[in-house]
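Chains as they are written, first to last, in the numbering used here: chain A, 177 to 515; chain B, 177 to 515; chain C, 62 to 682; chain D, 62 to 682.
All C-beta atoms, glycine included, are put in the ideal place defined by N, C-alpha and C.
First comes the structure, then the notes that go with it.
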Amino acid sequence: MTATETLELTKKDFQSDQEVRWCPGCGDYAILSAVQATLPELGLPKEKFVVVSGIGCSSRFPYYMNTYGFHSIHGRAPAVATGLKMTRPDLQVWVVTGDGDALSIGGNHFIHMLRRNVGLKVMLFNNRIYGLTKGQYSPTSEIGKRTKSTPLGSLDAPFNPLSVALGTGATFVARSVDIFQPHLKSVLKRAAAHEGTAFIEILQNCNIFNDKAFSGVTDKAARSENALYVEDGKPLIYGKENRRGIRRGPAGLEVVELPEGADESEIIVWDEAVRSPSAAFELAQLQAPEFPVPLGVLRAVDRPVYEQQVIGQIREREEAKKDASLESLLNSGDTWEVS
Amino acid sequence: MTATETLELTKKDFQSDQEVRWCPGCGDYAILSAVQATLPELGLPKEKFVVVSGIGCSSRFPYYMNTYGFHSIHGRAPAVATGLKMTRPDLQVWVVTGDGDALSIGGNHFIHMLRRNVGLKVMLFNNRIYGLTKGQYSPTSEIGKRTKSTPLGSLDAPFNPLSVALGTGATFVARSVDIFQPHLKSVLKRAAAHEGTAFIEILQNCNIFNDKAFSGVTDKAARSENALYVEDGKPLIYGKENRRGIRRGPAGLEVVELPEGADESEIIVWDEAVRSPSAAFELAQLQAPEFPVPLGVLRAVDRPVYEQQVIGQIREREEAKKDASLESLLNSGDTWEVS
Amino acid sequence: MTLPVAGQEAATPATLEKISDVVIRFAGDSGDGMQLTGSQFTNTSALLGNDLSTLPDFPAEIRAPTGTLAGVSGFQVRIADHDIHTPGDVPDVLIAMNPAALKANIADLKEGGVVIANTDEFNVRNFKKAGIETDPLEDGSLAGFRVYKADFTTMTRRTLEDTDLDTRSKDRCKNLFALGMVYWLFSRSIDTTVEWLKVKFKRKPEIAAANIKVLKAGWNFCDITQLFQVRYEVEKATLEPGVYRNIHGNSALAIGLVAASRRSGLPIFLGAYPITPASDVLHELASYKEFGVTTFQAEDEIAAVCASIGASYGGALGVTCSSGPGIALKAEAMNLALMVELPLVVCDIQRGGPSTGLPTKTEQSDLLQVMFGRNGDSPVPVLSASTPADCFDVAMEAVRIATTYMVPVVLLSDGYIANGSEPWRIPEVESLPDLRVQFHEDAENFQPYARNEETLGRPWALPGTPGLEHRVGGLEKEEGSGNISYDPDNHELMTHLRSDKVKRVAREIPDLEVHGSPDGGKLLILGWGSTLGAITGAVNDLREQGHDVSRAHMRYLNPFPSNVGEVLSRFETVLMPEMNLGQLSLLLRAEYLKDIKSYTKVQGKPFAKSELVAKALEHLG
Amino acid sequence: MTLPVAGQEAATPATLEKISDVVIRFAGDSGDGMQLTGSQFTNTSALLGNDLSTLPDFPAEIRAPTGTLAGVSGFQVRIADHDIHTPGDVPDVLIAMNPAALKANIADLKEGGVVIANTDEFNVRNFKKAGIETDPLEDGSLAGFRVYKADFTTMTRRTLEDTDLDTRSKDRCKNLFALGMVYWLFSRSIDTTVEWLKVKFKRKPEIAAANIKVLKAGWNFCDITQLFQVRYEVEKATLEPGVYRNIHGNSALAIGLVAASRRSGLPIFLGAYPITPASDVLHELASYKEFGVTTFQAEDEIAAVCASIGASYGGALGVTCSSGPGIALKAEAMNLALMVELPLVVCDIQRGGPSTGLPTKTEQSDLLQVMFGRNGDSPVPVLSASTPADCFDVAMEAVRIATTYMVPVVLLSDGYIANGSEPWRIPEVESLPDLRVQFHEDAENFQPYARNEETLGRPWALPGTPGLEHRVGGLEKEEGSGNISYDPDNHELMTHLRSDKVKRVAREIPDLEVHGSPDGGKLLILGWGSTLGAITGAVNDLREQGHDVSRAHMRYLNPFPSNVGEVLSRFETVLMPEMNLGQLSLLLRAEYLKDIKSYTKVQGKPFAKSELVAKALEHLG
Ligand SMILES: Cc1ncc(C[n+]2csc(CCOP(=O)(O)OP(=O)(O)O)c2C)c(N)n1
Ligand SMILES: Cc1ncc(C[n+]2csc(CCOP(=O)(O)OP(=O)(O)O)c2C)c(N)n1
Ligand code: SF4
Ligand code: SF4
Ligand SMILES: [Mg+2]
Ligand SMILES: [Mg+2]
């Protein structure tokens, strides 16, 4: 590949010939579009991309990408992708998963991928519902949700995907929204550049089974009121005309009103790269309506990348034992000759 | 049962007739002893206790308890126990698991049990190794660990069990040490009294495959130097002659030296019951040698208990539909008669 | 039925004609409400007393792009004035809501059959979506059929002209227009559907009103225009006297479990993880909390079955329900239940495999998985349901065996049974089997692995019972004490006991019944599960034609009824149709060394009666 | 061997006697180092050129309480001057380190056999732990045996009197004292063990020195005291010329995989989760990083197999390895590999089941699980290894089939093979099969599900190859394009293709070979897997006695070699011994309708030759 070649890639190059089969209005379309628009800009030839998914509406994603794709089984995409990336570090591997796929059946692979820091880009389409199986509550559904499987309301407290990720020691933790296209694209680019596991929770509307689940941040009005765009090195300021900020009070984070000309020195200036995950964890707890909804990259730190370490051990060993041959292996240990 | 009866229970009543088959010197003995000493004091008759375990050295535990016991399959104890507790809330169910059992193969059930807040008492025997399969590294083993499966040293960053638990929204999170008997017993008692999921990480020595893994806090000298006993309402003070404390600095928690007569007002006074898990999460990050090792109950908050809610819905519905009969169910919907 | 050929032009008043049997298929876009339309026609017919059988067919996507072939959703219903067993091989009538629906279904339609098409949708844009070059309504390709056209959409909009609904909402009513037409054609009243709409849209009366209006409009349209020259009537079937309802397989299964709970005194605990086509069992049971039912939507299938085992350990009736891929995940835990010898019912609603396969299609290909898909020698009883209503009985029987023998039992159903429906004669509660169980309570000489001499079951001793404290687990147990045992002879003994226990079930299950020539003959068609209807139809036809063909249907797949070997030996040829590559056939061949002829169909859809007739004739030579 | 009876008292110089075959069992506490002692004796004998076979046997607990029956660990080795096939039915010599070891093993000892006991441990405390009332060395219960006593512990301590070691460390050397004695008794030099100790304790020279000292002391003790009147010698076996090494089954498997990697040019990726008795494959492969091997200790078995599939997708040789319970968990993902048609090797080192079962014992009871334990019709090739060294060849063959047919292949081994060892003639590298594979690279008309006409395999097209971008997954695929397809006929076609692909393997595998009377006869003993040794021994004995008995052993369990039906038809009776309830027997009966006589043993341990002889004689009438 040469730089010129890659420069010629366009969004169209990433669209496959398969008919897109999500419900009209589904948030998945917007995410697909953002990804198809972002990948051409990464300077990699098309054949170097692989999209690995589990099962769910969201997991149909690979079929629509004109890249290599693997639609695996429910919950197991992180494991499939881990094996692939460990042996093929040259590929850029994107994992697409849903809130059920990643956090219900796939919860274990999800947390282990994060602790290992495998070089994967992970998009969790969180619609707080099981879409493909037609609307049961998911591990991110709010308590009291009435669904087919919970006619009187669900009783399980939901996971906060960001908290779960931070609890495992994740090195890159971000959140964006299906229809916030420029924001989503910028987060995707950040993820692409991160070397370890880059985890993005994408709030996604399922207009059939859980419409407006995120209207508290996606509605026109709510958006300007409740979206807190977290940016490295910038203060945590949000709301209409940036009139609110987040500071640390004696009992934890607090919202402060910032009238024109107010003193902003108390407002937390975000540092995505602190070693301890505590600050990001604290920020991730914020929820509407009491608090704004943090969006953007909450945490991005460098930690040794799993497959690089694994391959490093192999290369080192190959180097140290250059004369290892199949013959020497077969003949290792105590041998004797019969003639 | 009458109070008198239960008062008569002794440690011996909880010892089964099965030969204890751990390696001589194993930390599991101390934990068994602490549990057998604690249960008689809980005011419950013996038949009300059930111990459910997975697979591992630690998971042999039920055989040695003269209570009901279920030695299930690897990683699944939380799921088995959840089904039991949901239908039999009258039982006090203890889950025994290992670092491999709970955090490797059983990771998913572990995190879901915690988010649901099922009324189970969970003891995770963390020896940072797979004991029963003779010494492979576990998800809590430190990086670089040389084991049979990692002859050149392990590469996976370990989980911090407390962080994982807090990331899921756990309501009771504690840590103790196999051989710190009075401390362990007091934590067990606290767990017994907690209504939701009570999670205790117990640092346990595997003298065969991972001896002295916790010597940084268990050795005589280290103990007085590095054990930070976290207690509700008390300041975070530790070390020889209580000469050190933990305060919040601009970049997170800090150790301060406290010479005789020093001002202790900056030292954090622990509150185990704050709604946000952030403070506990921050504390859980502390690790020797830079920091002390927090022991005790880091978090204990009330949240609706899963099985109570589940049963509540059923009872409510039974109440509301008192006249529900099998006959009415069979005949529900549109029916017609053929004569 | 054979609809008399009639010109579309003539406007003479329609004559009423009695027919005994008709197959109707509603086909349209996933968004067109075909399942609802079909169900309404079914219910109305059921209440009229017809015998009936239904076959829904929907795409795997929630909503594939409108107008495409992938998005076509169908619902076939057969109604008759006599006892029928299948939804029919070929439709007599096809309602096509758009060109894709026509294209996807026309090949199945009976020669000379009726097409009712919504002409509004037959335009170039939709032809393109459906991959059609020219208008099939005009290009002569439907020459062999009788085609009736109506502008459903236009008519619907016109009917609702003076309502406040937006166009989209109006257009959503157009299936009711079609339904109205079909009601008219088959001389049914619209009343049942009117009542149903009122209840369904209780909170949206304007929607209810609009739908009812359009339904009537469809009916009236036929009445006024005399589009059809003939109207048909299908009379009541002469069913056994009793009270009936129309029931789907998954509903019957759920209700059967509740009935078993009531008759046993054990509360149900269902641990499940959603999966097509099993999810409805979870949904339905979740709505029966008033019967003390606990449903637990677990984090995965493993947790689901493990929680059910935990519940059984505590004295509840542990049940888990899934489809093929989920059952695969439950294997290890099913073995735990087998080893700790606790009752458990595992329902497998089979779908097209392997792997994710064809999630919305039907198949019988999990039999060998449930028989053998566990490490070690690990036999479990396996039962299968053969019709939607049969699920009720099989569910109760599964519970009976599980609690009597202290063993996990597998119940096989499939997508065809699960989503299909048929009239069900509602049983009297008192006539249902008594499933009461006795928990062990006597502490004297208590042995957790002592055995009942008859059943070889061990005592069910619940935690909480004073004096019975004991331990169970997945390691080999010493017979009697239940302590861990590594003794070689004990392992052999226990292995045989676990196997014998399952074999004992054969002692008390009914013999395999032969229909046709019970004393034997030329050809036996042997089936299991949802092939029952097609086989029954085929054998009836063949016998009417004078052929020496019999049939038998197996409900018990492990163990086999005691007389099976003997039955097989009575027939020159045994033909076994299966929707798999010959799985039960393999088991029977191994057991009886009889050269069973396997006839396989792995297309994600049931056998047609005609296919079976043809194959049988081959063997009859 | 028959050791001549000799009084213990006499102190005349020992005579040297040649024997052709002896079975020795070392037994002691888990902490006594019996595995090490046995292995050393084995290695020394191997280097001397004996043929040999070993059978370790250890408790499931890491370290059960010392002195108890549960804690007894054993190692049996048979050495011979001729070709042998099993570690022997009954030991001739038993080394008992304590009363529990004696009690647990004495029943197996040959009548008149030799017991060498460590009298230091024969005290009241240990009798109690072992559940013994009186001293067996004194109470006459060993009357039928020749008992030699020595104070191993005292002697060891005395030997190490002037070293700085603490008592515990000294006592740890006492197994070397025993080993020294046995070396003396069988006229072997201690040199190999001395060298080995020096290497093993390179970093702890004082430990090495102590062990060597004690080893010599044991040898000298016999030499000086003339405890034994006779010394024995077992001469070299006349093996095929070549270079040999002693090899364990799991080692041979690991090395075979590395060889396959080298011969195919594909890097190995092993995804595994530890489990007895499969873990050693992971351990061993983890130490072969210089061969480009990647090992991944996953979070569970599901992740392990999924990661291996991911690696295969990327062009590596994906392998996963487990035992029964772990294999159960891999079922769903194995089906994914089958559906996406990627190579994968799944090794199942079988152990006693079901559920957790008997983790450290052997069994052949996963055959039906690996054949059928997946949803849908999902055939995969299944191979089995029959001896430790055979694992090497079978591993290469599994890789060949997986990459040629683009299919997951199951390789069955078992605990007996995995932990047992035998001399292995090391092959020349050039003689190993050429396994080179061709990745697809041509973008023109690329079809991911186009098929090779011979093998029906699809092209292996790696991500990263320009122009071959395509999607795979678990939903049914359209033949050729690989796009999702719900078409009924396509599903049937693909189902048959997946099945035919596996059947095609039969075209090129060797015929089943009959040893004995190839043209047929009275009795054929048909086996598979680790029963080979016992069957071979039994058939040899029977034929020597003049019986018309033949044997054949199946390596390919799916598909069967083409001539199997024909072979079966040539024998009046076919007897099939299996360490399960008759699993392969079931498959053969179903396929060939031959009344195979199943002979089952489910005791967690291999058949004894004598058992097979007895059973065969029953059938010979
Ligand atoms: C082993 C297994 N269990 C269950 C299913 C059924 N299933 C498919 S997708 C899904 C959940 C989908 O939810 P989510 O991951 O949130 O994705 P979404 O459809 O909402 O995008 C389930 C339960 C399956 N395919 N495989
Ligand atoms: C399905 C399955 N996979 C693997 C095993 C093997 N196994 C048993 S225990 C264990 C790990 C034990 O480690 P841990 O949970 O830390 O317990 P410990 O022995 O250290 O107390 C493993 C891998 C098993 N029994 N079942
Ligand atoms: S069901 Fe929901 S998530 Fe799935 S495609 Fe439709 S709108 Fe999207
Ligand atoms: S191996 Fe370790 S954890 Fe297991 S019993 Fe022995 S000392 Fe304890
Ligand atoms: Mg979702
Ligand atoms: Mg451990």
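Nearest C-alpha to C:Q644 among D:L314, D:I336, D:F433, D:K350: D:F433. Between the segment 391 to 402 of chain C and the segment 341 to 355 of chain C there are fewer than three C-beta pairs closer than 8 Å, too few to call the two in contact. DSSP places D:Y660 in no alpha helix (DSSP H) but in the uninterrupted beta strand (DSSP E) bounded by 658 to 661. Look at the beta carbons and you see the segment 352 to 371 of chain B not touching the segment 316 to 334 of chain B: under three pairs across the two are nearer than 8 Å. For D:I285, the uninterrupted alpha helix (DSSP H) segment begins and ends at 266 to 286. With the rule of 3 Cβ pairs closer than 8 Å, the segment 273 to 291 of chain B does not count as touching the segment 359 to 368 of chain B. C:G414 sits away from D:S560, with the two beta carbons spaced by 8 Å or more. For A:F237, the CB stays at least 7 Å from every heavy atom of ligand 3. Looking at the DSSP output, B:F348 shares a beta bridge with B:A374, B:A476.
If you check each beta-carbon in the segment 266 to 280 of chain A against every beta-carbon of chain C, the ones closer than 9 Å belong to G276, L279, S280. About 7 Å separates the Cβ atoms of C:L97 and C:N236, confirming a contact at the 8 Å cut-off. Under the three-state reduction of DSSP output, B:S314 falls in the coil class, being neither helix nor strand. According to DSSP, residue pairing for D:I410 in a beta bridge involves D:S474.
If you draw a straight line from the Cα of A:P480 to the Cα of A:N293, it comes to about 7 Å. Close CB contacts of C:R519 within its chain, under the 7 Å cut and outside five residues either way in sequence, are with E402, M467, P509, Y510, A511, R512 (chain order).
In the structure shown, the three-state DSSP call for A:E448 is coil. In this structure, the beta-carbon distance from D:P160 to D:I193 falls below 8 Å.
Contact annotation: the segment 382 to 391 of chain D touches the segment 335 to 348 of chain D, with at least three C-beta pairs closer than 8 Å. Here the alpha carbons of D:P638 and D:L584 stand approximately 13 Å from one another. Nearest CB-CB separation between D:K350 and chain A: below the 8 Å threshold. Taken through DSSP and simplified to helix, strand or coil, D:M158 comes out as coil.
Per DSSP, C:Y334 lies in no alpha helix (DSSP H) segment and is marked neither H nor E.
The contact set of A:I231 on chain C, defined by CB atoms closer than 8 Å, consists of T417 in chain order. Of the candidates B:R264, B:K324, B:L379, the residue whose Cα lies closest to the Cα of B:N336 is B:L379. Out of D:S416, D:V610, D:G481, D:M400, the CA that lies nearest to the CA of D:V441 is found in D:M400. Counting the other Cβ atoms within 10 Å of the Cβ of C:L77 gives fewer than 16, which makes it exposed. In its chain, beyond the 5 residues on either side, L113, I140 have a beta carbon closer than 6 Å to the beta carbon of C:S106.
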